[in-house]
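**Q**
Numbering (the numbering used here), first residue to last: 3 to 276.
1. Taking the runs of the alpha helix (DSSP H) that are 4 residues or longer, which of them lie wholly in the segment 45-104?
2. Check residue 23 in the structure and name its three-state DSSP category.
3. Where does residue 268 fall in DSSP's three states?
4. For residue 4, collect the residues of the same chain with a Cβ closer than 6 Å to its Cβ; drop the 5 residues on either side in sequence, then sort them by chain order.
5. Which ranges would you report for the alpha helix (DSSP H) in the segment 150-220 if only whole runs of at least 4 residues count?
6. Ordered along the chain, which non-local residues of its own chain (more than five positions away) have a Cβ less than 8 Å from that of residue 269?
7. Is residue 31 buried or exposed, if buried means 16 or more other CB atoms sit within 10 Å of its CB?
8. Taking the beta strand (DSSP E) that residue 137 belongs to, which residues open and close that run?
9. Just list the residues that DSSP pairs residue 229 with in beta bridges.
10. Hey, how far is the Cα of residue 76 from the Cα of residue 157?
11. Within the chosen definition, does the segment 215-223 reach the segment 97-110 through at least 3 CB pairs nearer than 8 Å?
12. Give the range of the alpha helix (DSSP H) segment to which residue 122 is assigned.
13. Looking at the strands, I want to know which residues DSSP matches up with residue 114.
14. Of the choices 211, 36, 54, 192, whose alpha-carbon is the least far from that of residue 25?
15. Can you tell me which of 272, 273, 251 puts its alpha carbon nearest to the alpha carbon of residue 263?
16. Going by C-alpha distance, which of 258, 231, 98, 259 is nearest residue 247?
17. Quick check: the Cα distance between residue 257 and residue 175, rounded to an integer number of angstroms?
18. Does the contact criterion of 3 or more C-beta pairs under 8 Å hold for the segment 42-57 versus the segment 112-120?
19. For the candidate residues 192, 186, 273, 267, whose alpha-carbon lies nearest to that of residue 245?
20. Closer than 8 Å is the cut-off here; do at least three beta carbon pairs connect the segment 190-202 with the segment 134-150?
21. Measuring alpha carbon to alpha carbon, tell me which residue in 186, 135, 233 is nearest residue 259.
22. Of all the options 56, 177, 132, which has the alpha carbon lying nearest to the alpha carbon of residue 253?
23. Give the secondary structure of residue 274 by DSSP, where H, G and I count as helix, E and B as strand, and everything else as coil.
24. Can you tell me whether residue 18 is buried or exposed? The criterion is at least 16 other CB atoms within 10 Å of its CB, across all chains shown.
25. In chain order, what residues of the same chain have a beta carbon less than 7 Å from the beta carbon of residue 132, not counting five sequence neighbours either side?
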């Protein structure tokens, strides 16, 4: 019922647009290749408090080297996108709007690659638009993450209290990374920004979408200290696929040591299925 209300709201009061930072790398000669046989573009969607920068560090240049045109959007209020002053009133539907607008500017139907909250946003986008493929990396679950709250209250009561009070979920290097050196990990953590309290709240409630009719990849890691194994399994089960597990890599698998292996899983899947 809530999803129907949100859909009616989208139609009757559509989200306003905001300036979007979109990073891109298009391999030389890609536009000259036959449209039917050239590699599909990838659109990366980041998670809580991140920005397009997290994809630019490793994955975008490495994927472009393999012939993929790559794009990464900073959701409003993140990175160098606009909307920072209105972040406190931003909902997931605004982020969905940002991704949809970015898709309309791309040269052809992309493969959506979402990380954490970005994976949930990508699923909500796929409810409105059929991408070439849908890759969900350490995904926030459609079913909602409310079941994680008791565990958070036990293990990190101050963090839980901050989220309940409307603050950004604190993300520390030990939660995001497993094998990264301390200096590099600290540099990445320093780049994290604020998150919308309303969007964070929406991560805890269930979302319902229609059938997704494109190939779906679900990737998780047993060493993730943000999204647990249950959430990854729930997401994979919803699409009738087996999750791919990458032990030894942390939640931020695009930045952690071992990012090459995670990217290889994604690109091999796109080559084979999309």
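Glycine residues also receive a C-beta, built at the ideal position from the N, C-alpha and C atoms. Nothing here was measured: the structure is a model prediction, and the numbers come from that model.
**A** So, from the listed chains and residues:
1. DSSP runs (the alpha helix (DSSP H)) wholly in the segment 45-104: 55-58, 61-67.
2. For the purposes of this step, residue 23 is identified with residue 21 of the chain shown, where counting begins at 1. DSSP places residue 23 in strand when its eight states are reduced to three.
3. As a position in the chain shown, residue 268 is number 266, starting the count at 1. Helix at residue 268.
4. To locate residue 4, count along the chain shown from 1; it is residue 2. Its pLDDT being 47, under 50, residue 4 is placed unreliably in this model, and the value from its coordinates should be taken loosely. Excluding its 5 nearest sequence neighbours in each direction, residue 4 has no C-beta neighbour in its own chain below 6 Å.
5. Entirely contained in the segment 150-220, the alpha helix (DSSP H) runs reaching 4 residues are, in chain order, 151-157, 159-166, 175-178, 184-192, 199-204.
6. In the chain shown, residue 269 corresponds to position 267, counting from 1. These residues qualify, in order along the chain: 65, 68, 70.
7. For the purposes of this step, residue 31 is taken as residue 29 along the chain shown, with counting starting at 1. The residue is exposed, with fewer than 16 neighbouring Cβ atoms inside 10 Å.
8. For the purposes of this step, residue 137 is taken as residue 135 along the chain shown, with counting starting at 1. Per DSSP, the continuous beta strand (DSSP E) segment holding residue 137 begins and ends at 135-139.
9. Walking along the chain shown from the start, residue 229 turns up at place 227. BP columns for residue 229 are empty, so no partner.
10. Numbered from 1 along the chain shown, position 74 holds the residue referred to as residue 76. Numbered from 1 along the chain shown, position 155 holds the residue referred to as residue 157. Taking the straight line joining both Cα atoms gives about 31 Å.
11. No, the segment 215-223 does not touch the segment 97-110.
12. By one-based count along the chain shown, residue 122 stands at place 120. From DSSP, the alpha helix (DSSP H) with residue 122 extends over 119-128.
13. Position 112 of the chain shown holds residue 114. Within the DSSP secondary-structure output, residue 114 pairs in a beta bridge with 45, 136.
14. Along the chain shown, one-based indexing puts residue 25 at 23. Residue 25 has its Cα closest to that of 54, out of 211, 36, 54, 192.
15. Walking along the chain shown from the start, residue 263 turns up at place 261. The closest CA to that of residue 263, considering only 272, 273, 251, is found on 251.
16. Here residue 247 refers to the residue found at position 245 of the chain shown. Of the residues 258, 231, 98, 259, the one whose Cα lies closest to the Cα of residue 247 is 231.
17. Residue mapping note: residue 257 aligns to position 255 of the chain shown, counting from 1. Residue mapping note: residue 175 aligns to position 173 of the chain shown, counting from 1. The straight-line gap from Cα to Cα measures roughly 11 Å.
18. Result yes; three or more Cβ-Cβ pairs closer than 8 Å.
19. As a position in the chain shown, residue 245 is number 243, starting the count at 1. Residue 245 has its Cα closest to that of 267, out of 192, 186, 273, 267.
20. Contact between the segment 190-202 and the segment 134-150 is absent, because fewer than three Cβ pairs lie under 8 Å.
21. Position 257 of the chain shown holds residue 259. Here the closest residue by C-alpha is 186.
22. Here the question's residue 253 lines up with position 251 in the chain shown. Comparing Cα positions, the closest option is 177.
23. For the purposes of this step, residue 274 is taken as the residue at position 272 of the chain shown. Looking at residue 274 - three-state DSSP - the assignment turns out to be helix.
24. Residue 18 sits at position 16 when you count from the first residue of the chain shown. With fewer than 16 other Cβ atoms inside 10 Å of its own Cβ, residue 18 counts as exposed.
25. As a first step, residue 132 is located in the chain shown; it is residue number 130 there, counting from the start. Counting only Cβ-Cβ distances below 7 Å, and skipping sequence neighbours, we find 215, 216.
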